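Q:
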Amino acid sequence: MVEFALKTENITKDYQVSAGVFRGKKTLKAVNGVSLSIPKGSILGLVGESGCGKTTIAKMILGLEKKTSGDLYIGEKNISSMRHKEIAKIIQPVFQDPYSSLNPRKSISKIVSLPLRAQGLSNGIKDIEQKVDEIMEIVGLPPRLKYNYPNQLSGGQRQRVAVARALIMRPEIVLCDEPTSALDVSVQAQILNMLLDLRSKLNLTYLFISHDLAVVEHIATHVAVMYLGRIVEKGKAQDLFNNPSHPYTQALLASVLTPEPELGLPRIQLGIEYPNPIDPPSGCTFHPRCTKATKKCSKVAPDPVVKSDKLVECHYPDNF
Ligand SMILES: Nc1ncnc2c1ncn2[C@@H]1O[C@H](COP(=O)(O)OP(=O)(O)OP(=O)(O)O)[C@@H](O)[C@H]1O
Ligand SMILES: [Mg+2]
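The sequence shown begins at 104 in my numbering and counts up by one.
1. Count the other CB atoms, across all protein chains shown, that sit within 10 Å of the CB of residue 309; report buried if there are 16 or more and exposed otherwise.
2. Tell me the rounded alpha-carbon separation between residue 187 and residue 169.
3. Express the C-alpha separation of residue 376 and residue 382 in angstroms, rounding to a whole number.
4. Is residue 173 close to ligand 1? I mean its beta-carbon at under 7 angstroms from any heavy atom of the ligand.
5. Out of 313, 314, 267, 324, which one is the CA nearest neighbour of residue 297?
6. If you reduce the DSSP assignment to three classes, tell me which class residue 325 lands in.
7. Are residue 329 and residue 157 touching if we call contact CB-CB under 8 angstroms?
8. By how many angstroms is the C-alpha of residue 385 removed from the C-alpha of residue 398?
9. What are the uninterrupted segments assigned as alpha helix (DSSP H) that are 4 or more residues long and contained completely in the region 197-228, given in chain order?
10. By Cβ distance, which residues of its chain are closer than 8 angstroms to residue 337, with the 5 residues on each side in sequence left out?
11. Residue 249 and residue 289: beta carbons closer than 8 angstroms?
12. So is residue 291 buried or exposed if we call it buried at 16+ other beta carbons inside 10 Å?
13. Report the rounded CA-to-CA distance for residue 173 versus residue 233, giving the unit in angstroms.
14. Just confirm the distance between the C-beta atoms of residue 195 and residue 277, as a whole number of angstroms; I'd bet it's less than 8 angstroms.
15. Classify residue 363 as helix, strand or coil using the three-state DSSP reduction.
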């Protein structure tokens with residue numbers, strides 16, 4: 104039987120936002136019924152365009168944002184009522200921007216040891232020093248950088264510091280939210296390979312958030328594709344990349360295959376812009392951008408269909 108490190112069951116997050124002058128408040132469904140299961144030791148890549156709800160899922164898992172409904176599990180344990188501090192012993196985040204996520208006034212040693220001190224888990228200064236040395240070596244940071252400050256480090260080194268800080272408590276699960284998108288392409292590869300290395304060395308499970316399918320293809324064992332707060336397709340990475348079923352996944356994959364990747368992230372060739380989440384389209388919310396959409400798609404939201412390890416939310420899935 105598969106053992107799951109982390110599970111979300113039908114989690115939702117509603118925000119009340121201003122809909123414009125004289126229009127009052129409206130509900131924005133940032134996350135709209137998301138169920139994800141991450142097998143122990145695997146890497147779930149969560150992909151989707153900007154604003155689809157990826158970070159909101161991470162924040163709810165970390166206890167940084169209160170969910171509107173649904174349940175969260177670490178292993179078999181429901182963590183819905185667990186305090187942020189308790190969750191932090193098991194799950195740690197690595198965020199996108201190593202420039203803004205590291206306090207510029209603290210030394211690297213102070214930054215890396217922060218979770219230990221916040222949890223009151225250290226046995227004195229010597230113990231902290233030793234743990235900092237250990238974890239810096241594990242993430243490939245020279246010990247001499249301990250007394251430096253973030254602005255004295257390269258982008259790649261800073262992101263290694265962020266990873267060291269996440270790992271110093273030896274968590275079981277790491278949530279990476281766009282951990283390499285602020286980095287040069289060559290440095291990106293180094294950080295991704297390091298994360299892969301650390302997974303086997305430290306028995307980690309990752310939720311790996313990215314809008315870049317090429318990065319996810321490099322690293323993930325499982326993939327979930329998100330659109331307007333919902334998971335529209337999920338499955339084992341290889342199957343999803345070889346036989347994408349949802350027209351949205353197909354469009355995302357096509358956008359990766361641009362001839363000049365050095366020109367930056369390609370625009371997704373879907374004609375129409377990403378919809379406003381305050382006023383989502385009727386029926387299948389992807390229908391205005393879908394080349395296969397019929398009348399039914401504009402009226403009826405598709406139910407998820409499941410076959411072996413794969414799930415798709417589409418009336419007309421391919422390869423299924
Ligand atoms: N505190 C908030 N109040 C109101 N709306 C919010 C809030 N936080 C996020 N949202 C909205 O929720 C939706 C999902 O946001 P989220 O940050 O989760 O997207 P994302 O997929 O992480 O995007 P990106 O790839 O740009 O990081 C967006 O429409 C966003 O504007
Ligand atoms: Mg985000």
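No residue lacks a Cβ here, since even glycine has one placed at the ideal position from N, Cα and C.
Quick caveat: nothing in here was measured; it's all calculated off a predicted structure.
A: On the basis of the data shown:
1. Residue 309 should be labelled buried.
2. Going from the Cα of residue 187 to the Cα of residue 169 covers about 11 angstroms.
3. Each residue's CA atom was taken as its position, placing residue 382 and residue 376 some 13 angstroms apart.
4. No, Cβ of residue 173 sits at least 7 angstroms from all heavy atoms of ligand 1.
5. The candidate whose alpha carbon is nearest that of residue 297 is 267.
6. Correct three-state label for residue 325: strand.
7. It is a contact, given that the beta carbons lie within the stated cut-off.
8. Going from the Cα of residue 398 to the Cα of residue 385 covers about 11 angstroms.
9. Taking only runs of at least 4 residues, the alpha helix (DSSP H) segments lying wholly in the region 197-228 are 211-222.
10. These residues qualify, in order along the chain: 139, 325, 326, 327, 328, 343, 413, 414.
11. Taking 8 angstroms as the Cβ cut-off, residue 249 and residue 289 do not qualify as a contacting pair.
12. If you draw a 10 Å sphere on the C-beta of residue 291, you find 16 or more other C-beta atoms in it, and that means buried.
13. Spanning the two alpha carbons is a distance of roughly 41 angstroms.
14. Their Cβ separation, rounded to whole angstroms, is 6 angstroms, which keeps residue 195 and residue 277 in contact under 8 angstroms.
15. Per-residue confidence for residue 363 stands at a pLDDT of 48, beneath the threshold of 50, marking its modelled position as unreliable; the derived number appears in the next sentence. DSSP, read as helix, strand or coil, puts residue 363 in coil.
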